[in-house]
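There are 2 protein chains.
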Amino acid sequence: MFSNTVKYAIKAVLYLAAYSDESNKIMIKDIANPINVPMAYIAKILQDLSRKNLVSSKRGPKGGFYLSDNNLKGNVHDLIEAVEGDDRISSCLLSLSECNASNPCSLHDLAYKEKQFLMQKLKETTLKTLAQDLKEGKTVLPL
Amino acid sequence: MFSNTVKYAIKAVLYLAAYSDESNKIMIKDIANPINVPMAYIAKILQDLSRKNLVSSKRGPKGGFYLSDNNLKGNVHDLIEAVEGDDRISSCLLSLSECNASNPCSLHDLAYKEKQFLMQKLKETTLKTLAQDLKEGKTVLPL
DNA sequence: ATTATAATATGATAAATATCATATTTAAGA
DNA sequence: TCTTAAATATGATATTTATCATATTATAAT
Numbered sequence: 117m118f119s120n121t122v123k124y125a126i127k128a129v130l131y132l133a134a135y136s137d138e139s140n141k142i143m144i145k146d147i148a149n150p151i152n153v154p155m156a157y158i159a160k161i162l163q164d165l166s167r168k169n170l171v172s173s174k175r176g177p178k179g180g181f182y183l184s185d186n187n188l189k190g191n192v193h194d195l196i197e198a199v200e201g202d203d204r205i206s207s208c209l210l211s212l213s214e215c216n217a218s219n220p221c222s223l224h225d226l227a228y229k230e231k232q233f234l235m236q237k238l239k240e241t242t243l244k245t246l247a248q249d250l251k252e253g254k255t256v257l258p259l
Numbered sequence: 117m118f119s120n121t122v123k124y125a126i127k128a129v130l131y132l133a134a135y136s137d138e139s140n141k142i143m144i145k146d147i148a149n150p151i152n153v154p155m156a157y158i159a160k161i162l163q164d165l166s167r168k169n170l171v172s173s174k175r176g177p178k179g180g181f182y183l184s185d186n187n188l189k190g191n192v193h194d195l196i197e198a199v200e201g202d203d204r205i206s207s208c209l210l211s212l213s214e215c216n217a218s219n220p221c222s223l224h225d226l227a228y229k230e231k232q233f234l235m236q237k238l239k240e241t242t243l244k245t246l247a248q249d250l251k252e253g254k255t256v257l258p259l
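Top line first, the protein sequences correspond to chains A and B. Using the numbering used here, you'd call the opening residue of the first sequence number 117 and step up by one each time. Using the numbering used here, you'd call the opening residue of the second sequence number 117 and step up by one each time.
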């Protein structure tokens, strides 16, 4: 469903959301293992997200990645959009070009409602909320 | 959301579902254009689907691809599985390994219901039904 | 039977995604 | 200020997905 890059990004960000903050930064090498993602690859992804201000980072000794309070207000939908580019996620199931109620593709009626519902949830659920569930052991980050 | 291969496969099969039958076969070169897919590529995909008996074909003069009555009973879910392999479509959003209610990933609660609902619809809607909508102009195959 | 036609099988190339490696820059602490 | 530790920037390689090209095989029609 999602590309590896997207899955890796979500896992890394949620890990940071749950276990880091400004006074508790986490280094690449300490992120890669628990979420089971190649170190150099997750480094690249997080560097990209840092540039886009979805995660925070500081270099040098005592440095690392973390989520600021502001970052924690973000959501998974925006994260996905950031890593896989604009509208891949919200596009029509059969094409990149839009299809809509007045010119529906074969799968539009069948899928539209569920897809919108899912998108809505991915937008309205904050990283902070998801991190809370993780910390309470209600959810897990799969390998 | 879906790979090009999956999108192409669905479009081609629905096109055949709507406009072909055993006595009205359609050649590769006459499929590629209307659904806007590279000819050699859709050829490869349809050949694969033919091998897997999801579409029918006959070679030689007067030959081409078509959907048999039996093929028309198929659904989009099985089609997707056939082209992109086993369980990519039904897997957890964050990983290939299963996550479930008793060991939910961070997105499980958020996505599970909608995803199941969508899968269900993709399974229960026959190609014949979708083709009917196409023929009646109720839906279109996007470019 | 021969010819023409269309799928089939196969392999080559291109582009995108995923992965690895490393020199450079920033910043903390001695 | 020097050393060390971390992200950053950049580029190389590998794998997968997408695309192109073509020789082979089956079959209808003459």
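The beta-carbon is built from N, C-alpha and C at its ideal position, and this holds for glycine as well. Bear in mind that the values here come from a model prediction, so they are computed numbers and not experimental data.
Using a Cβ cut-off of 8 Å (strictly closer), state whether residue i contacts chain B.
i              : result
D249 (chain A) : yes
V256 (chain A) : yes
E197 (chain A) : no
S222 (chain A) : yes
N219 (chain A) : yes
S173 (chain A) : no
F118 (chain A) : yes
T183 (chain A) : Going by the sequence as given, residue 183 (chain A) is Leu instead of Thr. No - not a single Cβ of chain B is within 8 Å of the one on L183 (chain A).
I205 (chain A) : yes
I161 (chain A) : no
E230 (chain A) : yes
Check the C-beta distance from residue i over to residue j and give it rounded, since I have them as a contact under 8 Å.
i              : j              : result
K141 (chain B) : K168 (chain B) : No, K141 (chain B) and K168 (chain B) are not in contact; Cβ-Cβ is about 18 Å, not under 8 Å.
H193 (chain B) : K254 (chain B) : In fact, because the Cβ distance is near 21 Å, the residues do not count as touching under 8 Å.
L257 (chain A) : K127 (chain A) : 5 Å
F233 (chain B) : E230 (chain A) : 5 Å
Y124 (chain B) : I147 (chain B) : Their Cβ separation, rounded to whole angstroms, is 10 Å, which puts Y124 (chain B) and I147 (chain B) out of contact at 8 Å.
DSSP on residue i, reduced to helix/strand/coil?
i              : result
N120 (chain A) : helix
D185 (chain B) : coil
D203 (chain B) : coil
N191 (chain B) : strand
N216 (chain A) : strand
L209 (chain A) : coil
P340 (chain A) : No statement about residue 340 (chain A) is possible, as the shown extent of chain A runs from 117 to 259 and does not include it.
K229 (chain A) : helix
Identify every residue that forms a DSSP beta bridge with residue i.
i              : result
D249 (chain A) : Answer is none; D249 (chain A) lacks a bridge partner.
S173 (chain B) : B:F181
V256 (chain A) : B:C221
D137 (chain B) : B:N140
T242 (chain B) : B:N191
Can a CB atom of chain A be found closer than 8 Å to the CB of residue i?
i              : result
N62 (chain B)  : For chain B, the structure presents residues 117 to 259; residue 62 (chain B) sits outside this window and is missing.
M155 (chain B) : no
M143 (chain B) : no
S211 (chain B) : yes
A148 (chain B) : no
I158 (chain B) : no
T121 (chain B) : no
L170 (chain B) : no
L165 (chain B) : no
A227 (chain B) : yes
> Any contact of the region 211-231 of chain A with the region 206-224 of chain B, i.e. 3+ C-beta pairs under 8 Å?
Replying inline: no
> Three or more beta-carbon pairs under 8 Å between the region 152-171 of chain A and the region 180-193 of chain A, yes or no?
Replying inline: yes
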